[in-house]
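The structure under discussion appears below in the form of structure tokens.
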Amino acid sequence: MEDSGYSPRVRELLESNSVKVFDLVSVQLKDGINLRGIILPRPSTGERDALVLKLENGYNVGILVDRIKEIRLEEEAHVKQEQILESTRKTLAKAKVHFIGTGGTIASRVDYATGAVYPYFTAEELYSMIPELEEIALIESETIFNIFSEDMTPSQWSQIARKIKQVFEQNAPAGVVVAHGTDTMHYSASAIAFAVQKAPGPIVFTGAQRSSDRPSSDASLNVIGATITAVDAPFAESVIVMHGSVNDDKLLVHRGVRARKMHTSRRDAFISINELPLASVDPYSKKLSLLTKEYKQKSNDLEVYPEFSEKVALVKFYPGMDPSIFEFYRDKGYHGLVIEGTGLGHVNSKLISVLGGLVKDGMVVVMASQCLWGSINMNVYRTGVELLRAGVLPAGNMLPETSYVKLSWVFGQTTEVEEAVKLFKKNIAFETSERNEYKFYPGAWWWQ
Numbered sequence: 251m252e253d254s255g256y257s258p259r260v261r262e263l264l265e266s267n268s269v270k271v272f273d274l275v276s277v278q279l280k281d282g283i284n285l286r287g288i289i290l291p292r293p294s295t296g297e298r299d300a301l302v303l304k305l306e307n308g309y310n311v312g313i314l315v316d317r318i319k320e321i322r323l324e325e326e327a328h329v330k331q332e333q334i335l336e337s338t339r340k341t342l343a344k345a346k347v348h349f350i351g352t353g354g355t356i357a358s359r360v361d362y363a364t365g366a367v368y369p370y371f372t373a374e375e376l377y378s379m380i381p382e383l384e385e386i387a388l389i390e391s392e393t394i395f396n397i398f399s400e401d402m403t404p405s406q407w408s409q410i411a412r413k414i415k416q417v418f419e420q421n422a423p424a425g426v427v428v429a430h431g432t433d434t435m436h437y438s439a440s441a442i443a444f445a446v447q448k449a450p451g452p453i454v455f456t457g458a459q460r461s462s463d464r465p466s467s468d469a470s471l472n473v474i475g476a477t478i479t480a481v482d483a484p485f486a487e488s489v490i491v492m493h494g495s496v497n498d499d500k501l502l503v504h505r506g507v508r509a510r511k512m513h514t515s516r517r518d519a520f521i522s523i524n525e526l527p528l529a530s531v532d533p534y535s536k537k538l539s540l541l542t543k544e545y546k547q548k549s550n551d552l553e554v555y556p557e558f559s560e561k562v563a564l565v566k567f568y569p570g571m572d573p574s575i576f577e578f579y580r581d582k583g584y585h586g587l588v589i590e591g592t593g594l595g596h597v598n599s600k601l602i603s604v605l606g607g608l609v610k611d612g613m614v615v616v617m618a619s620q621c622l623w624g625s626i627n628m629n630v631y632r633t634g635v636e637l638l639r640a641g642v643l644p645a646g647n648m649l650p651e652t653s654y655v656k657l658s659w660v661f662g663q664t665t666e667v668e669e670a671v672k673l674f675k676k677n678i679a680f681e682t683s684e685r686n687e688y689k690f691y692p693g694a695w696w697w698q
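Converting from the sequence shown to the numbering used here requires adding 250 to each position, the first position being numbered 1.
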């Protein structure tokens, strides 16, 4: 019990009731509430005097020891070492799909007999957890790192891009699936859209909003949809496949450079901005339906430009912003700066001279909008015109995050300002467009 992480008070409570970690117990609280679940080890953070239970609905709860009236053992834990068995499955599918694990909720499962967290990104584990994959693809898999998505860096985007290049060259799959944490998945999917400019098949990012141990998990369906996309999609782009509604009825394929996570916990958190999704996927009929005719065709050639610069920043403008914040990045040797400005692309007029000074000092300064839908237009008001005269580049209807990733990629290719500006203005992966149609705006399509 010493290694459970609990305080002496909790350990004494458990020992006096002859229960231990991983036992199934009933807990009666002093206020009359009754709970039933498995005792888990205490997490590395949190209240030490709280007992953690895994309830039957899949959720974890913490109960302060002072609230507990009684604990009763219902079933003793039978702890055994988890074994990953080699698969004996013989899939009938002929198309190969290569899975690359980078971490996140989707790439792990919890064994509540031992309390251990196991990656399930070997091919054997994927087939075991998601048997529907047998009908879709012959899976190969590997994990290149196992991190939280918020720990992802531009240098790791480069690693992913190089791995994708290696996989296409050596294994010749129909497509590649990248398992990724959802919080920064749109950054990574954008990065690969710029890094991998020609490919023989799609590169599909997918993740999970809810872990595989929860009854409402979206993990399996997202993996199925991603695999179908990798096999059947006619395009060769970096995309995100996630739930298209709160139900399990459809998945949507979003272009990486146009997608954004718009909700903290809903399963349909990802939405395409300023365009429709590329496709939808019915996970039951296993059919992919295109929603646009404009996409990158598959190519026998493979063009990968994997370098990204760490010396680019994304900064959100706010009222009362201190101009010295921008000067900080210049003094730290940054090459580029993306500003998430207001509406049509504005900041406080007192900041204009500072930004103009950054441009004169050799920095590339880009203006994107905090308004996700619509385009920057810096010719409408005086502030915008003055920013243009100061040398600030408009991002059009490119998302702020995509603008940041693109500028990071640009400075991974060149440090020459003139060449960097030219590259940034080039539409490389459908990241920007001239028109913003009404049907792209919320309310026009995605819940219909």
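A virtual CB, placed ideally from N, CA and C, is assigned to each residue, including glycine.
Nothing here was measured: the structure is a model prediction, and the numbers come from that model.
Measure the CB-CB distance between A343 and E374 and report whether it falls below 8 Å. In this structure, E374 does not lie closer than 8 Å to A343 by Cβ.
Extent of the continuous alpha helix (DSSP H) to which R580 belongs: Under the DSSP assignment, R580 falls in the alpha helix (DSSP H) whose first and last residues are S574 to D581.
Could you check whether the region 446-458 touches the region 654-668, counting it as contact only if at least three pairs of C-beta atoms, one from each stretch, sit closer than 8 Å? No, the region 446-458 does not touch the region 654-668.
Is it the case that the Cβ atoms of E306 and G282 are separated by a distance below 8 Å? Contact flag unset, no.
How should L383 be labelled, buried or exposed, when 16 other C-beta atoms within 10 angstroms of its C-beta is the threshold for buried? By the 10 Å Cβ count, L383 comes out buried.
To the nearest whole angstrom, what separates the beta carbons of G425 and I453, a pair I think is in contact under 8 Å? 7 Å between Cβ atoms; contact.
Using beta-carbon positions only, say whether F520 and A441 come within less than 8 Å of one another. Not closer than 8 Å, so no.
Report, in whole angstroms, the separation of the C-beta atoms of S574 and V616, which I expect to be a contact under 8 Å. About 20 Å; that fails the 8 Å criterion.
Span separating the alpha-carbon of L657 from that of V588: Distance between the alpha carbons of L657 and V588: 8 Å.
Under 7 Å Cβ to Cβ from G646, same chain only, skipping five residues before and after it: list those, please. S625, I626 and T682.
Thinking C-beta only, is A670 closer than 8 Å to V243? An answer regarding residue 243 cannot be provided, because it is not within the stretch 251 to 698 covered by the chain.
Determine the direct distance from the alpha carbon of M512 to that of Q459, and round the result to whole angstroms. Those two C-alpha atoms are separated by around 12 Å.
Would R317 be called buried (16 or more neighbouring beta carbons within 10 Å of its own) or exposed? Sixteen is the threshold: since fewer than 16 other Cβ atoms of the shown chains lie within 10 Å of the Cβ of R317, the residue is exposed.
So what does H513 bridge to, in DSSP terms? Its beta-bridge partners do not exist; DSSP assigns none.
Pick out the complete beta strand (DSSP E) segments inside the region 475-552, 3 residues or longer, and give them in chain order. Qualifying beta strand (DSSP E) stretches, in chain order: 488-493, 501-505, 509-511, 520-522, 529-532 and 537-540.
Given 8 Å as the limit, is there contact between the region 259-270 and the region 296-303, that is, 3 or more CB pairs closer than that? In short, these stretches touch, since the Cβ pair count reaches three.
Counted within 10 angstroms of its Cβ, other Cβ atoms place P293 as buried (16 or more) or exposed: Exposed: under 16 other Cβ atoms inside 10 Å.
Kindly list the residues whose CB is nearer than 7 Å to the CB of I380, restricted to its own chain and excluding five residues on each side of it in sequence; keep chain order. Annotation for I380: S470, V473 and I474 place their beta carbon closer than 7 Å to its own, counting only its chain and skipping 5 residues before and after.
In the DSSP assignment, the alpha helix (DSSP H) including Q420 goes from what residue to what residue? For Q420, the enclosing alpha helix (DSSP H) begins and ends at P404 to N421.
Residues bridged to P644 by DSSP? P644 pairs with M617.
Locate the beta strand (DSSP E) running through A429, then write down its first and last residues. Per DSSP, A429 belongs to the beta strand (DSSP E) from G425 to A429.
Can you tell me the Cα-Cα spacing of T372 and G354, whole angstroms? When rounded, the distance between both Cα atoms is 15 Å.
Taking 8 Å as the limit between beta carbons, can you name the residues of its chain near L376, skipping five residues before and five after? Excluding sequence positions up to five before and after L376, its CB lies within less than 8 Å of the CB of F349, Y370, L383, I389, S391 and V473, all in the same chain and listed in chain order.
How long is the line joining the alpha carbons of E687 and Q278, rounded to whole angstroms? The alpha-carbon atoms of E687 and Q278 are separated by roughly 57 Å.
Label G451 either buried or exposed according to how many other C-beta atoms from any shown protein chain fall within 10 Å of its C-beta, with 16 as the threshold for buried. With 16 or more other Cβ atoms inside 10 Å of its own Cβ, G451 counts as buried.
Taking Cβ to Cβ, would you say S530 is nearer than 8 Å to V503? Contact flag set, yes.
Backbone CA spacing between D738 and M628 [nearest angstrom]: It is not possible to answer for residue 738, since the shown part of the chain is limited to 251 through 698.
Per the contact definition of three or more C-beta pairs closer than 8 Å, is the region 545-558 in contact with the region 490-504? Touching, no, given that fewer than three Cβ pairs across the two stretches are closer than 8 Å.
When M402, E400, D482 and Q547 are compared against V427, the one with the closest alpha-carbon: For V427, the closest of M402, E400, D482 and Q547 by C-alpha to C-alpha distance is D482.
Using a Cβ-Cβ cut-off of 8 Å (strictly less than) and excluding sequence neighbours within five positions of V311, which residues of its own chain qualify? Closer than 8 Å at Cβ, skipping near neighbours: L285, G287, V302, L303 and L305.
Simplified DSSP state of L594, which is helix, strand or coil: Here DSSP, grouped into helix, strand and coil, assigns L594 to coil.
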